[in-house]
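Notes for the one structure printed next.
There are 2 protein chains.
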Amino acid sequence: MRITAFSDVCLRVVMLLTAEPDLLTSRVIAERVGTPYNHVSKAVMRVRALGLVEVERGRSGGVRISPAGRTATVGWLLRQLDDRPDLAGCETHDGPCPLLVGCGLRGALRQAREAFYAQLDDLTITSMAPGRRPGPVPLTLSRTQTGP
Amino acid sequence: MRITAFSDVCLRVVMLLTAEPDLLTSRVIAERVGTPYNHVSKAVMRVRALGLVEVERGRSGGVRISPAGRTATVGWLLRQLDDRPDLAGCETHDGPCPLLVGCGLRGALRQAREAFYAQLDDLTITSMAPGRRPGPVPLTLSRTQTGP
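Chains as they are written, first to last, in the working numbering: chain X, 84 to 231; chain V, 84 to 231.
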């Protein structure tokens with residue numbers, strides 16, 4: 084079982100920004116979370132649409148956490164990003180799974196998914212962030228080194 | 084969030100066999116669960132290694148559910164098939180995620196995964212099976228129509 088790669092990047096972006104007082108460009112965010120720029124760029128658009136970050140345009144622009152982003156929970160964000168109705172692939176290339184009628188698995192997996200999210204509903208993304216500890220985070224990078 | 088395609092096929096195979104008194108070839112199983120033969124074949128090998136099915140070789144051979152397969156739970160099987168230590172991608176193409184040191188997400192997601200599996204630990208795969216209800220299951224297929 085795994086969360087999607089896109090959910091993973093969105094969480095990383097918000098986590099990073101909760102511990103960051105300055106505006107960061109998407110390129111800097113990409114370097115700091117170790118994720119390709121185009122993935123980060125899409126994630127920024129999505130979490131912005133969800134109200135978790137604010138974007139300032141222009142040469143000195145960038146992305147910063149919003150008040151809503153500081154209080155959003157991991158469970159809430161993962162629910163917003165989960166656009167798959169079923170955890171199992173209840174369809175085949177020929178149509179629905181032949182076992183679907185009367186199958187108990189679909190409902191059971193949905194209940195289990197609810198238990199998964201419920202476990203994360205009280206954890207703010209802010210509380211997950213590593214903060215500014217020494218470690219492999221490339222602290223020498225700064226906004227002035229890369230363009231917007 | 085989603086279970087892996089392989090876990091999905093393994094569950095389908097065991098579900099089908101719990102409701103099936105006869106030996107079924109992998110080709111018949113593939114048709115009945117609406118999944119390509121090569122995927123089903125790998126799934127049969129895996130659930131056999133886990134003791135959930137028995138295989139009889141030969142012209143009239145096939146696969147049937149084992150006593151352990153009748154009592155195995157969905158949670159147990161998914162745990163056995165889950166070979167990923169982390170739900171998020173805690174690595175990048177350059178090495179570990181830069182946020183990893185001090186990151187709270189890894190542990191939080193693992194706890195949530197445990198809640199997910201715990202929800203499925205009391206549900207036998209047998210109880211999930213749709214049985215022999217009328218519906219899109221191609222009941223006209225029989226073992227004699229396809230080779231072993």
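In this text, a Cβ means the ideal position worked out from N, Cα and C, and glycines have one as well.
- Per DSSP, reduced to three states, the secondary structure at Pro179 of chain X is strand.
- Counting along the chain, the unbroken beta strand (DSSP E) around Gly145 of chain X starts and ends at 145–148.
- Excluding sequence positions up to five before and after Leu107 of chain V, its CB lies within less than 8 angstroms of the CB of Leu99, Leu100, Arg115, Gly145, Val146, Arg147, Arg226, all in the same chain and listed in chain order.
- Within chain V, the C-beta atoms nearer than 7 angstroms to that of Asp165 of chain X come from Met84, in chain order.
- Counting along the chain, no beta strand (DSSP E) covers Glu197 of chain V; the unbroken alpha helix (DSSP H) around it starts and ends at 188–203.
- Spanning the alpha carbons of Pro119 of chain V and Val92 of chain V requires a straight line of approximately 10 angstroms.
- Excluding sequence positions up to five before and after Glu139 of chain V, its CB lies within less than 7 angstroms of the CB of Leu106, Gly145, all in the same chain and listed in chain order.
- Rounded to whole angstroms, the Cβ separation of Ala191 of chain V and Val157 of chain X is 6 angstroms, and the two are in contact under 8 angstroms.
- Here DSSP, grouped into helix, strand and coil, assigns Arg129 of chain V to helix.
- Approximately 6 angstroms separates the beta-carbon atoms of Arg95 of chain X and Leu182 of chain V; this is inside 8 angstroms, confirming the contact.
- Neighbours of Pro150 of chain V in chain X, taken as residues at a C-beta separation under 8 angstroms, are lacking, since the least C-beta distance is about 21 angstroms.
- Within the DSSP bridge table, the entry for Leu107 of chain V names V:Val146 as partners.
- Bounds of any alpha helix (DSSP H) do not take in Leu135 of chain V, whose DSSP letter is neither H nor E.
- The shortest C-alpha to C-alpha distance from Pro213 of chain V to any of X:Ala151, X:Cys186, X:Ala88, X:Val130 is the one to X:Cys186.
- Judged by DSSP in its simplified three-state form, Arg167 of chain X adopts coil rather than helix or strand.
- Taking the C-beta atoms as reference points, Ala195 of chain X is found nearer than 8 angstroms to Gln202 of chain V.
- Here Phe89 of chain V is not near Phe199 of chain X, since their CB atoms are 8 angstroms or more apart.
- For Thr87 of chain X, the three-state secondary structure derived from DSSP is coil.
- As computed with DSSP, Glu174 of chain X is found in a beta bridge with X:Pro179.
- With contacts defined by Cβ atoms closer than 8 angstroms, Ile208 of chain V and Ala155 of chain V form a contacting pair.
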